[in-house]
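Undergrad:
Residue numbers (full-length UniProt numbering): 1 to 725.
1) Quick check for students: name the residue ranges of the alpha helix (DSSP H) that lie wholly in the region 114 to 177, counting only runs of 4 or more.
2) Please report the residue range of the beta strand (DSSP E) in which residue 575 lies.
3) Go to residue 275, then tell me how far its beta strand (DSSP E) extends in each direction, as first and last residue.
4) Would you give the residue range spanned by the beta strand (DSSP E) that residue 334 belongs to?
5) Helix, strand or coil: how does DSSP classify residue 505 here?
6) Quick check on residue 694: buried or exposed, where buried means 16 or more other Cβ atoms within 10 Å of its Cβ?
7) How about the region 558 to 570 and the region 319 to 338: do they share at least three Cβ pairs that are nearer than 8 angstroms?
8) Tell me, to the nearest whole angstrom, how far the beta carbon of residue 595 is from that of residue 609; I am working on the premise that it is less than 8 angstroms.
9) Note the first and the last residue of the continuous beta strand (DSSP E) segment covering residue 316.
10) With DSSP collapsed to three states, give me the class of residue 347.
11) With a CB to CB cut of under 6 angstroms and the five nearest residues on each side skipped, what residues in its chain are close to residue 80?
12) Could you tell me which residues DSSP puts in a beta bridge with residue 25?
13) Determine the direct distance from the alpha carbon of residue 248 to that of residue 443, and round the result to whole angstroms.
14) Taking the straight line between their C-alpha atoms, what separation do you get for residue 148 and residue 591?
15) Give a yes or no on whether the C-beta atoms belonging to residue 106 and residue 137 are separated by under 8 angstroms.
16) Measuring alpha carbon to alpha carbon, tell me which of 280, 553, 17 and 177 ends up nearest residue 119.
17) Considering Cα atoms alone, identify which of 250, 257, 129 and 172 is closest to residue 13.
18) Which residue marks the beginning of the alpha helix (DSSP H) containing residue 614, and which one marks its end?
19) Sorted by chain position, which residues of the same chain lie with C-beta nearer than 6 angstroms to residue 376's C-beta, five sequence neighbours on each side aside?
20) Thinking residue 342 and residue 246 are a contact (beta carbons under 8 angstroms), I'd like their distance in whole angstroms, please.
21) Could you say which of 658, 224, 550 and 23 lies nearest to residue 636 if we only look at CA atoms?
22) Looking only at its chain, what residues have a beta carbon closer than 8 angstroms to the beta carbon of residue 560, apart from the 5 residues adjacent to it on each side?
23) Measuring only the C-alpha atoms, how far is residue 416 from residue 356?
24) Check whether the region 307 to 324 touches the region 268 to 284, taking contact to mean three or more Cβ pairs, one atom from each stretch, closer than 8 angstroms.
25) Quick one: complete alpha helix (DSSP H) runs, 4+ long, within the region 181 to 265?
26) Hey, could you find the ends of the alpha helix (DSSP H) residue 683 is sitting in?
27) Compute the Euclidean distance between the alpha carbons of residue 441 and residue 200, then round it to the nearest angstrom.
28) Does the structure place the region 357 to 364 close enough to the region 90 to 99 that three or more beta carbon pairs sit under 8 angstroms?
29) Applying the 10 Å Cβ sphere with the 16-neighbour rule, what's the burial state of residue 91?
30) Measuring only the C-alpha atoms, how far is residue 449 from residue 604?
31) Using three-state DSSP, classify residue 446 as helix, strand or coil.
32) Looking at C-alpha atoms only, which residue of 321, 104 and 346 is the closest neighbour of residue 255?
33) Sort out for me which residues DSSP pairs residue 602 with in a bridge.
34) Run through DSSP, which three-state label would residue 299 get?
35) Skipping 5 residues on each side, what residues in its chain have a beta carbon closer than 7 angstroms to that of residue 657?
36) Tell me, which residues are paired with residue 106 by DSSP?
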């Protein structure tokens with residue numbers, strides 16, 4: 001491959017969306033790496049988790065205890081200077097007379113350049129000009145890339161991580177810093193984050209990866225590029241053009257030309273080939289050890305994180321998102337349905353990022369840097385939240401759209417989804433649980449179940465109980481048997497099932513306690529693949545009661561839509577009827593599985609089912625309920641119908657669901673003693689919260705056209721005939 005040598009330069013004026021005032025050249029002394037076989041960078045933190053100390057002590061160890069790049073000062077050679085091109089809004093903020101609250105350090109991947117972040121620069125300046133938080137943006141062109149210097153040298157991942165540290169040192173960059181990275185720039189930015197924990201206050205990632213299983217081949221597009229490395233990446237612009245073609249929708253000619261601008265000739269494209277060659281395709285690759293170091297270091301980051309993802313990316317698929325969620329368990333995640341690899345070109349990533357920064361303001365704008373490992377106990381808004389990494393954690397902070405992009409790939413979330421955490425420490429939980437009794441606080445959604453716990457009046461009537469439909473006919477309904485339902489014939493000659501308030505209240509408590517006993521924890525996501533009816537109602541309220549987050553998607557979405565919803569929500573547990581569990585097994589949906597009906601050993605094994613609800617009920621009879629969740633805890637992720645585009649998951653807090661209940665009660669005058677014929681599934685689920693008798697008619701709730709006048713009449717008669725207290 002050809003690695004040309006050329007000085008850094010400023011971009012030509014007139015590039016679409018790029019303000020020349022942002023561009024500057026920065027001369028940076030280059031720190032030599034220690035030892036030909038040493039791994040790490042000069043500011044690497046020790047690998048020993050016990051050797052913590054203060055951040056400054058960790059960044060200046062007397063010896064490179066982790067194999068880092070610190071040299072004996074007496075043996076250091078003169079440091080050559082490298083010139084970088086960067087986009088920097090610092091000067092523009094100074095002209096506005098505003099002080100930055102922090103810095104967004106943006107790192108592009110291959111084969112793009114800092115132009116990728118132009119919308120973020122413009123959006124932050126508009127926000128600052130209108131009096132909002134002023135974030136300085138520093139978007140770099142990595143050496144050999146964009147308009148930065150062509151040194152003619154091969155730059156490994158280890159070298160690039162050190163390069164970025166050299167640049168931030170030369171800029172005098174101080175905290176708080178939020179890194180923003182895409183593609184290979186995501187890895188480089190995370191390497192900087194791991195090495196600068198005293199400055200770091202947050203992490204934002206677009207499609208990227210920090211780990212690839214050693215026993216699996218790298219993605220096919222990268223294998224293809226490696227087979228014809230020189231011709232595809234340097235001699236011709238094939239790799240560049242292929243990447244630009246991934247944008248959804250296609251790039252305008254002006255934007256495409258701007259991305260091409262720094263790579264017009266083969267001499268300018270050496271860095272593109274160098275990046276591809278540096279992909280650790282095998283464990284013995286020179287950059288494998290550095291990638292492993294960064295990947296493990298990411299697990300120890302304790303700052304808010306935002307993962308913005310394009311699921312149509314042919315290189316960085318969802319398995320890499322899953323790995324990042326595992327390493328950053330408190331990350332907020334937003335999958336933009338329809339978006340691909342060039343997420344920053346496909347969606348309003350700047351709006352999503354600024355919204356997130358606003359919601360996490362107190363956590364990402366800290367007056368003092370936190371030492372690594374510090375974790376404030378009991379913070380509310382602003383605390384990084386997410387899936388449980390360990391058995392104690394922070395509390396959810398914000399709600400809003402989850403996973404799929406609002407309005408398809410072109411939209412951005414009003415707020416992004418929190419990854420709700422595990423049970424808090426006992427003392428914190430006890431304090432939070434009392435907040436339901438605060439003055440003016442709405443009662444929780446399950447309040448009517450507690451109020452009517454001794455009532456023999458009818459709470460639920462199912463006109464077409466589970467097992468009566470063609471897909472489930474003939475299957476045992478163990479939970480129904482335990483609920484002791486009874487009734488008269490419905491519209492289709494079926495026997496409706498009725499459930500009293502006393503029985504429903506008791507079963508909700510037993511299922512709640514049983515779920516907690518089998519390991520369902522506060523903040524765990526529970527996907528409910530259960531048809532509307534008594535089973536779904538009992539399970540939903542049980543999950544809400546213990547602080548689990550219910551994930552509900554309409555079966556009418558079909559296999560593809562449901563898969564997209566489940567993948568986006570990343571449930572920890574799946575509770576379903578046989579049909580839903582079969583789909584979960586076949587399509588590899590995540591989460592431990594619980595069946596609503598007893599299964600034979602062979603069927604349970606085939607479906608990957610560990611328990612049935614009857615077992616959960618039995619456990620719940622001898623188990624105490626955990627403390628209640630708080631009003632501002634996340635309660636549910638409810639997916640839209642998908643009738644106007646890809647289904648969008650919306651995050652609701654407990655207090656928001658309680659507000660919906662109260663609005664319905666006030667608008668329609670609903671309360672204890674009233675009846676609902678619920679042809680719309682949400683009303684069936686809200687009936688118990690209102691204290692209303694809920695009748696589910698004989699219909700397919702995923703197909704409203706199946707509701708007939710005869711079925712409505714039968715449901716109304718059933719409501720009139722239902723036993724009263």
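Quick reminder that beta carbons are idealized off the backbone N, C-alpha and C, glycines included. It should be emphasised that the depicted structure is a prediction, and the values quoted were computed from it without experimental measurement.
TA: Checking against the coordinates, here is how it stands:
1) 118 to 129 and 157 to 171
2) 573 to 576
3) Per DSSP, residue 275 belongs to no beta strand (DSSP E); it is in the alpha helix (DSSP H), 270 to 277.
4) 332 to 335
5) helix
6) buried
7) yes
8) 5 angstroms
9) Per DSSP, residue 316 belongs to no beta strand (DSSP E) and is neither H nor E.
10) coil
11) 30
12) 85
13) 45 angstroms
14) 46 angstroms
15) yes
16) 17
17) 257
18) 613 to 620
19) Reliability of the predicted coordinates at residue 376 is poor, the pLDDT of 33 falling under 50, and no value is obtained from them.
20) 6 angstroms
21) 550
22) none
23) Bear in mind that the predicted position of residue 416 carries a pLDDT of just 39, short of 50, making it too unreliable to give a figure here.
24) no
25) 184 to 195, 220 to 227, 238 to 244 and 253 to 260
26) 681 to 690
27) 37 angstroms
28) no
29) exposed
30) 32 angstroms
31) coil
32) 346
33) In the DSSP output, where bridge partners are listed per residue, residue 602 has none listed.
34) coil
35) 445, 635 and 636
36) 139 and 180
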